[in-house]
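This report concerns only the one structure given below.
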Amino acid sequence: MRGWGVFCGLLLAAILVPFALFGDGLEAATRRLLADAPSPWRCALLLGGLLASDIVLPVPSSLVSTAAGAMLGFWRGLATSWVGMMVSCQVGYVLGARAGGTTLRRVAGEAELARVARASERHGHWFLLLFRGVPVLAEASVVFAGLGRMPPRRFLSVCALSNLGCSASYAALGALAMETGSFLLLFTGMVLLPALALALVRGTRGG
């Protein structure tokens, strides 16, 4: 309980302190960025490409997916985020199937690999859904699925469902923040949603 209290306090500080110090400047910079955004299809290609490369590059997927909702609106943002995430999952599956455990250890590390393995044993193929919103573990889980030769149809079905949930959440957040003009809402959501996903994982027996 003490550890979670410290974590929640630090998380709250990470949200409120930057906004209190730089809120006006951050909101102005965000409006300028959105005003200077490229055409919708170019924006979709850029953001979708970033999400597709998330499996091999340190892309902040929560930020990119939320930006898709803000720049493209809810439905187009959802579609862009979902397609990009699906491509990333398929790349991760192929990497796991062909490169094996060495790639997985590079992606996640020994501790996270052990956590994914335990979750797979307890939850079956649904471990992909459990980890989808958690940084590092999301990538590790799809590589692990390839390593374990999960049936492709089952893998794609679970990934499609979990990616739809994540994409809809972030796209809705971005679209709502754009509609209300609230940078605080945008920033808070980008921090809190991954934190809630991590808390869910920690709270399960598989975490």
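Going by this note's numbering, the sequence shown opens with residue 1, and the numbers climb by one from there.
Virtual Cβ for every residue (Gly too), placed ideally from N, Cα, C.
Taking the Cα of Met85 as reference, the smallest distance to any Cα among Leu176, Ala70 and Asn163 is reached at Asn163.
Residue state for Met150 is assigned as coil, using DSSP reduced to three classes.
DSSP places Pro40 inside the alpha helix (DSSP H), whose first and last residues are Pro40 to Ala52.
Assigned with DSSP and collapsed to three states, Leu130 falls in helix. In the DSSP annotation of this structure, the continuous segment of the alpha helix (DSSP H) that includes Gly84 starts and ends at Phe74 to Ala99. If you ignore the 5 residues before and after Ala138, its C-beta comes within less than 8 angstroms of the C-beta of Ser61, Phe131 and Arg132, all in its own chain and listed in chain order.
When C-alpha distances from Ala99 are compared across Trp82, Arg149, Ser120 and Leu173, the shortest belongs to Arg149. For Pro152 and Ala52, the gap between their C-alpha atoms comes out near 18 angstroms. Excluding the 5 residues flanking it on each side, Ala172 has same chain C-beta neighbours closer than 7 angstroms at Gly69 and Phe74, in chain order. The alpha-carbon of Val158 is positioned some 28 angstroms away from that of Met71. The alpha carbon of Met178 has as its nearest neighbour, out of Val134, Ala67 and Ser88, the alpha carbon of Ala67.
Taking a C-beta distance under 8 angstroms as the contact criterion, Gly77 and Val143 do not qualify as a contact pair. By the Cβ-count criterion, Leu47 is buried, with 16 or more other Cβ atoms from all chains shown falling within 10 Å of its own Cβ.
Taken atom to atom, the span from the alpha-carbon of Ser167 to that of Ala117 is near 25 angstroms. Look at Leu57 here: in three-state DSSP terms it is coil, with no helix or strand label.
The criterion of a C-beta distance shorter than 8 angstroms is not satisfied by Ala114 and Phe127.
Under the three-state reduction of DSSP, Val136 is assigned to coil, being neither helix nor strand.
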